[in-house]
Amino acid sequence: MDDFKLDEYVYFKFSIIDNFKNYNSVKSFPKYEGKFKNITSGSANLYRRQCNLIISACIGDLNFYNTCSSIAAFIEHLQNEVDTIEKSKKCNFLNYKINGEVRKLKNGSYNNVGFYNKFINEYKNNSYDLKFTCKKNIGYLIEDIFKKIEDLYNIYTRYYSFLLPSSSSAVSKCNDITHSVDLYNQHKGTCENDINKDFCAALDKFRNDYMSIIGQVTTKCPKAEVSLQSYIKATDYAVYVLQEEEDDENKEQEESEERVSLGDRGISVEIGEKGRSRNAMLPDSVALEGSHEMGNSKSTMTIAFSSMLVLSSASFLMYKVKKEFI
1061 MDDFKLDEYV
1071 YFKFSIIDNF
1081 KNYNSVKSFP
1091 KYEGKFKNIT
1101 SGSANLYRRQ
1111 CNLIISACIG
1121 DLNFYNTCSS
1131 IAAFIEHLQN
1141 EVDTIEKSKK
1151 CNFLNYKING
1161 EVRKLKNGSY
1171 NNVGFYNKFI
1181 NEYKNNSYDL
1191 KFTCKKNIGY
1201 LIEDIFKKIE
1211 DLYNIYTRYY
1221 SFLLPSSSSA
1231 VSKCNDITHS
1241 VDLYNQHKGT
1251 CENDINKDFC
1261 AALDKFRNDY
1271 MSIIGQVTTK
1281 CPKAEVSLQS
1291 YIKATDYAVY
1301 VLQEEEDDEN
1311 KEQEESEERV
1321 SLGDRGISVE
1331 IGEKGRSRNA
1341 MLPDSVALEG
1351 SHEMGNSKST
1361 MTIAFSSMLV
1371 LSSASFLMYK
1381 VKKEFI
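This note's numbering numbers the first residue of the sequence shown as 1061 and each following residue consecutively.
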C-alpha cells in the first residue's frame, strides 16, 4: 500500500477490482481491439470541439487528440449497446485502453485516482458520461493490476494469432503460441500465494484453452510444451464454481431487469439470445470461446463438488470471511 494513497486503495478495492475480479473479460480484449478500430475509424474530426476542451482541461498534450476522439466515439457506441454482459466487457476493455493510452504520455502526475476522476469528469461535461455508461468499470488501474491485465491480453492476442487462419509462416505461428506459454509460465511465482487468486484463475482458464488444442499445437510446433502446470489448488475449485454460479445469477438478473426496462418503453429485445447469437458471426476459433468455457465450467463443477467433500464447513466459512474483509 506504500505505492499509493489510502483513498486510492479504497477506490481500487471496491470499484475497479469488483468488476475485474476474475479477469474473465480480458480474453475477449483482442476481439474488442479490432472492433474498437472499426468503430473509431474516421472519428478524428467528429469531436474536435469536445476534445480541445478535454485536452486543455486535463492533459495539455495535443498528441492525445486522436485518442480522445476515439474514446468519445467508443462511448457513443457503448451508449447504444443493449447487451448488458457485452457492454460490461467492452467497458472493461475501454478502461484498460484508456489506462494504456494515458501511460504512453509518460507523465507520472497522471498515475493517480485524482487525475482519472478529473479526466472522466471532463468527458461527462462534454456529454460523454463514462461513469453512467460503464458504472464502476472505469477508473485508475494501479500498475500491478494493469500489468496483469496486459499480460493476459498479450497471452490471448498471441493465442488467437496462432489459431486464426492467416498467411503467417509456421515459424511465426509457433512463435505466437510459444510467447503465450512463456508469459503464462512467468507467473508461477505470482500464484504461489493466496493474494492473486482471481488472476491465477484466469491464467488457469488459458491453460485449459491451450490444452484443448494441444494436438493442433504439437502437430504444427513439435517443440511446444505438451502440458502446463495448473496454478489453482484443487481445494479452491469449489470456491471458483460458487463464484461463477453467483456471477451467472447476477448477469441473468441484469438481463431480466434490462428486458423489463426496454419493455416499459415499448421495445422488445431478447438481450441474452442476441448476445449469444453473435458468436455465429465470429471465426470458429473465437466463436468456440463461449462453448469451450461452458465445457470447462461443467468439468470444473464435477471436480469442485468432489473437492467440497473434503473441505470442512469451518475452513470454507473462514475463507469467505477472509475474502470479504481483506
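Even for Gly, the Cβ is constructed at its ideal location relative to N, Cα and C.
How big is the Cα-Cα spacing for Lys1184 and Ile1158? 15 Å
In three-state DSSP terms, what is Cys1281? Of the three classes helix, strand and coil, the one that applies to Cys1281 here is coil, per DSSP.
Unbroken alpha helix (DSSP H) run spanning Ser1116, endpoints: Counting along the chain, the alpha helix (DSSP H) containing Ser1116 begins and ends at Arg1108 to Cys1118.
Taking Cβ to Cβ, would you say Ile1215 is nearer than 9 Å to Phe1266? yes
Quick check: the region 1124-1144 against the region 1166-1174, are at least 3 beta-carbon pairs closer than 8 Å? no
Endpoints, alpha helix (DSSP H) assigned at Asp1204: Glu1203 to Leu1223
For Asn1112 and Leu1190, what's the separation of their Cα atoms in angstroms? 18 Å
Using the beta-carbon count (16 or more within 10 Å), is Ser1316 buried or exposed? With a pLDDT of 48 at Ser1316, under the threshold of 50, the modelled position of that residue is not reliable, and the figure given next carries that caveat. Its Cβ having fewer than 16 others within 10 Å, Ser1316 is exposed.
Are the beta-carbon atoms of Ala1132 and Tyr1188 separated by less than 9 Å? yes
Distance check for Leu1243 and Lys1091, CA to CA, integer angstroms please. 20 Å
Reduced DSSP secondary structure (H/G/I, E/B, other) of Phe1064: In this prediction, Phe1064 scores a pLDDT of 41, lower than 50, which makes its location untrustworthy; the coordinate-derived value is nonetheless stated afterwards. In the structure shown, Phe1064 falls within a coil segment according to DSSP collapsed to helix, strand and coil.
Is DSSP giving Ala1104 helix, strand or coil here? coil
Would you mind stating whether Phe1153 and Ser1085 have Cβ atoms separated by less than 9 Å? yes
Start and end of the alpha helix (DSSP H) containing Val1006? The question about residue 1006 has no answer here: the residues shown for the chain are numbered 1061 through 1386.
Under the rule that 16 or more other beta-carbon atoms within 10 Å means buried, what is Lys1008, buried or exposed? Nothing can be reported for residue 1008: it is not among the residues displayed for the chain, which extend from 1061 to 1386.
If you run the structure through DSSP and keep just helix, strand and coil, what is Gln1289? coil
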